Amino acid sequence: MSDGYAVVDVETTGFAAAGRDRVVEVAVVAVDRTGVVTDEWCTVVNPGRDLGPQHIHRISAGDARRAPSFVQVAGALAARLAGRVMVAHNLSFDARFIAAEFDRIGLPVPVSAELGLCTMALGAAYLPQRDGRSLKASCDAAGVDLRDAHSALDDAHAAAGLLTHYLCQAGRPEPWTDLLAAASTWAWPTLPADEVAEYRRGSWVPPIPTGEVPSLRIGDLVVFTGQAAQPRGELVERALAAGLRVNAGYVTRQTALLVAADPETMSSKARTARRYGVPIVSADAFETLIT
Numbered sequence: 333m334s335d336g337y338a339v340v341d342v343e344t345t346g347f348a349a350a351g352r353d354r355v356v357e358v359a360v361v362a363v364d365r366t367g368v369v370t371d372e373w374c375t376v377v378n379p380g381r382d383l384g385p386q387h388i389h390r391i392s393a394g395d396a397r398r399a400p401s402f403v404q405v406a407g408a409l410a411a412r413l414a415g416r417v418m419v420a421h422n423l424s425f426d427a428r429f430i431a432a433e434f435d436r437i438g439l440p441v442p443v444s445a446e447l448g449l450c451t452m453a454l455g456a457a458y459l460p461q462r463d464g465r466s467l468k469a470s471c472d473a474a475g476v477d478l479r480d481a482h483s484a485l486d487d488a489h490a491a492a493g494l495l496t497h498y499l500c501q502a503g504r505p506e507p508w509t510d511l512l513a514a515a516s517t518w519a520w521p522t523l524p525a526d527e528v529a530e531y532r533r534g535s536w537v538p539p540i541p542t543g544e545v546p547s548l549r550i551g552d553l554v555v556f557t558g559q560a561a562q563p564r565g566e567l568v569e570r571a572l573a574a575g576l577r578v579n580a581g582y583v584t585r586q587t588a589l590l591v592a593a594d595p596e597t598m599s600s601k602a603r604t605a606r607r608y609g610v611p612i613v614s615a616d617a618f619e620t621l622i623t
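All residue numbers for the sequence shown refer to this note's numbering, where the first residue is 333 and numbers rise by one.
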């Protein structure tokens, strides 16, 4: 019989698991068959690319650049998933991304929506009074605390709370005993036991600004990268109104400034800017330069 449950949550750069989007944070909360949390593990993951909608997941590029890659955390993650039934709120999303990350390093794993439990789907049976299917709506209906939405660890703990709520209602034997029995038989790849340290969001502290800011002249070329809180179109309009030129495609040696949602970004534009010595500033700093 299975060791219990591995409640997971991932934060990602977007929705295309099989495309260019990647995991940027992963959390696993271990729950035994009685619904008791027995362990937690969480780390930011360096995706090797820009972070996508940072205003949603709020992971800084400074943290991501210093975090381990997926291949470095794969062993630690696999050890926490093996022998357990995977659980997540909207399991198909999390399962697709975790399976895709393992596939990229040549390690197929028994991870899919069919091999786990979805707290969002189970809510139809155990939370008939909920007002919506979201994690927040489900937690509100179950009386579970959701402390910091879109933080992988807090979302995983919230989903674990939903699972415990469902287990109390379901009783024993659980309606999904077949999954519990099968989980211990699923074949997981053998990975090195060595673990890198968890890298938690907020570990990187930005340096104190020096006060040195780049200057801009009418006709200078600026480029934008990343999804800032301000819509890209508004930033472009303000740049043009200030007499600047905008290249939406790429950074060249003639670029005067790269405006980034996060100046620590790992986007291809930022990598080119660093190679050419082009200054990189935040959207907020850019607005101060043109006002």
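For glycine and all other residues, C-beta sits at the position ideal for the given N, C-alpha and C.
Computed from a prediction, not measured in an experiment: that's the story for all the values here.
Proximity winner among the options, relative to residue i (alpha-carbon distances)
| i | options | result |
| --- | --- | --- |
| Ala617 | Thr604, Val568, Pro546 and Ala515 | Pro546 |
| Met418 | Gly438, Ala514, Ala456 and Asn378 | Ala514 |
| Gly558 | Ala592, Cys500, Arg603 and Leu409 | Ala592 |
| Tyr582 | Gly575, Ala574 and Lys601 | Lys601 |
| Pro385 | Leu621, Leu590, Val610 and Asp594 | Asp594 |
| Asp426 | Ala348, Leu576, Ala469 and Ala588 | Ala348 |
| Arg398 | Arg606, Glu596 and Thr620 | Glu596 |
| Val528 | Leu467, Val405, Arg354 and Val361 | Val405 |
| Ala411 | Ala453, Asn422, Pro442 and Leu572 | Pro442 |
| Val403 | Asn422, Ala431, Arg603 and Ala420 | Ala431 |
| Val339 | His421, Pro440, Thr584 and Glu433 | His421 |
| Ala492 | Arg504, Pro505 and Gly475 | Gly475 |
| Gly351 | Gln562, Phe429 and Pro400 | Phe429 |
| Val355 | Thr366, Arg365, Ser334 and Pro379 | Pro379 |
| Leu439 | Pro539, Leu409 and Arg504 | Leu409 |
| Phe556 | Thr584, Leu454, Ala456 and Gly407 | Thr584 |
| Glu619 | Pro505, Arg570, Gly575 and Arg607 | Arg570 |
| Ile388 | Ala396, Thr345, Arg577 and Val361 | Thr345 |
| Val537 | Arg365, Leu576 and Ala396 | Ala396 |
| Gly575 | Pro539, Thr623, Arg479 and Arg603 | Thr623 |
CB of residue i within 9 Å of CB of residue j, strictly
| i | j | result |
| --- | --- | --- |
| Leu494 | Leu523 | no |
| Glu357 | Val369 | no |
| Val363 | Thr496 | yes |
| Asp477 | Arg462 | no |
| Glu343 | His482 | yes |
| Ser516 | Asp382 | no |
| Arg416 | Gly336 | yes |
| Ala573 | Leu590 | no |
| Trp520 | Leu423 | no |
| Asp487 | Asp341 | yes |
| Leu548 | Leu467 | no |
| Ala502 | Ala560 | no |
| Arg365 | Ser334 | yes |
Residues that residue i bridges to, as DSSP identifies them
| i | result |
| --- | --- |
| Trp373 | Val360 |
| Glu343 | Glu357 |
| Ala592 | Thr557 and Ser614 |
| Leu459 | Looking at the DSSP assignment, Leu459 forms no beta bridge with any residue, so it has no partner. |
| Tyr582 | For Tyr582, which the question treats as bridged, DSSP gives no partner whatsoever. |
| Ala338 | Ala362 and Met418 |
| Thr522 | According to DSSP, Thr522 bridges with nothing at all. |
| Thr587 | Leu553 |
| Cys500 | BP columns for Cys500 are empty, so no partner. |
| Leu449 | Val419 |
| Arg412 | DSSP, once it has assigned bridges, lists no residue as partnering Arg412. |
| Ser401 | Asn378 |
| Arg577 | Leu553 |
Supposed close pair residue i, residue j - CB separation, criterion 8 Å
| i | j | result |
| --- | --- | --- |
| Ala374 | Ala393 | In the sequence on display, residue 374 carries Cys and not Ala. Between Ala393 and Cys374 the Cβ distance is about 18 Å, and since that is not below 8 Å, they are no contact. |
| Leu485 | Glu372 | 7 Å |
| Val610 | Thr587 | 5 Å |
| Asp526 | Gly367 | Going by Cβ atoms, the distance from Asp526 to Gly367 rounds to 32 Å, so no, they are not a contact pair. |
Any non-hydrogen atom of the ligand COA closer than 8 Å to residue i Cβ
| i | result |
| --- | --- |
| Asp335 | For the structure depicted, the ligand COA is absent and the ligand set is empty, with no information on it obtainable. |
(request) Give a yes or no on contact between the stretch 546-554 and the stretch 504-514, applying the rule of three or more CB pairs nearer than 8 Å. (result) The way I'd put it, the stretch 546-554 doesn't touch the stretch 504-514; fewer than three beta-carbon pairs between them come closer than 8 Å.
(request) Decide yes or no for the touch test of the stretch 445-464 against the stretch 556-573: beta carbon pairs closer than 8 Å, at least 3 of them. (result) By the Cβ rule, the stretch 445-464 does not count as touching the stretch 556-573, because fewer than three pairs are nearer than 8 Å.
(message) I want to know whether the stretch 391-410 touches the stretch 523-538 - three or more CB-CB distances under 8 Å.
(response) They touch, by the three-pair rule.
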